[in-house]
Amino acid sequence: MGTRGAFLFPDYQRPLKILIMPDKQHHTPTGELSYYGLSLLSYLKDSHPELIAEGEFIAERADSAAQAYSEAIRSGCNHIEAEEIAREELYRGLHFSPYNTLVNILWREFEAEIPEDTARQAALRLLPLCRGVLEKYDLTDDFADTPDYELFYTELTGTVQILLEDGIQ
């Protein structure tokens, strides 16, 4: 029973022996990624695809999460508590996704112009063109719960409308 417990929790500090190859556009880092690095990379692909080529950011954040996990264990936390602390560090500042907001805008407001199956690619192309709107707001982890979110959503929708009228898709 004592050895079975060792299999429940991976070694968060040691890199996994998984080679990550770049996709056709070279959007993913290559090399060995830790458990936290792989978790972050997976999350970034879904919520912040503009960051998946940021290998140094991924490695630093993964190392920081692993360090937070180790410190939590050393300070007496159990594995579940330590994992929660590590995940807080891993995803800090990444809970709100302008990309996902843009995808939702395309799905809800522009379904006739942008088919649902192409909305993610369109959002990725539109995201840099919406930088002016994004920079006007403090896009914290809880931004979607703030009064400014509705204004942001409306302004981003208007920007997309203008871009689509100008022929950018």
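One rule links them: number in this note's numbering = place in the sequence shown (from 1) + 1. Built from N, CA and C at the ideal position, the CB exists for glycine as well.
DSSP state of residue i mapped onto helix, strand, coil
i	result
Q26	Note that Q26 scores 41 on pLDDT, short of 50, meaning its location in the model is unreliable; the coordinates nonetheless yield the value given after this. Looking at Q26 - three-state DSSP - the assignment turns out to be coil, as it is neither helix nor strand.
E166	helix
E112	coil
L157	helix
T31	Residue confidence is low: T31 scores 49 on pLDDT, short of 50, so the model does not pin down where it sits. Its coordinate-derived value is still stated next. Three-state result, T31: coil.
I106	helix
L52	helix
Status (buried if at least 16 other CB within 10 Å, exposed otherwise) for residue i
i	result
A113	exposed
I115	buried
K18	For K18, the pLDDT reaches just 36, beneath the cut-off of 50, and the residue's location in the model is therefore unreliable, although a value from the coordinates is still provided. Exposed, by the Cβ-count rule.
G168	exposed
E90	buried
L103	buried
L152	exposed
S1	This structure cannot settle anything about residue 1, because the visible part of the chain is limited to 2 through 170.
G38	buried
I163	exposed
E57	exposed
S40	buried
Unbroken alpha helix (DSSP H) run spanning residue i, endpoints
i	result
E72	G56 to R75
K46	Y36 to S48
E82	H80 to L91
E136	R132 to E136
A145	Run containing A145: none; DSSP gives neither H nor E here.
L125	A120 to L127
Cβ distance (whole Å) where residue i is taken to contact residue j below 8 Å
i	j	result
Y92	E51	Going by Cβ atoms, the distance from Y92 to E51 rounds to 16 Å, so no, they are not a contact pair.
A69	L34	The Cβ separation is near 17 Å, so there is no contact.
I86	A73	5 Å
I81	T158	Not confirmed; about 40 Å, so no contact.
S48	L95	7 Å
T160	C131	5 Å
L165	F111	7 Å
W108	A123	Contact flag wrong, Cβ pair sits at about 10 Å.
is_contact[residue i, chain D] using C-beta, thresh 9 Å
i	result
Y36	The question asks about chain D, but that chain is absent: this structure has only one protein chain.
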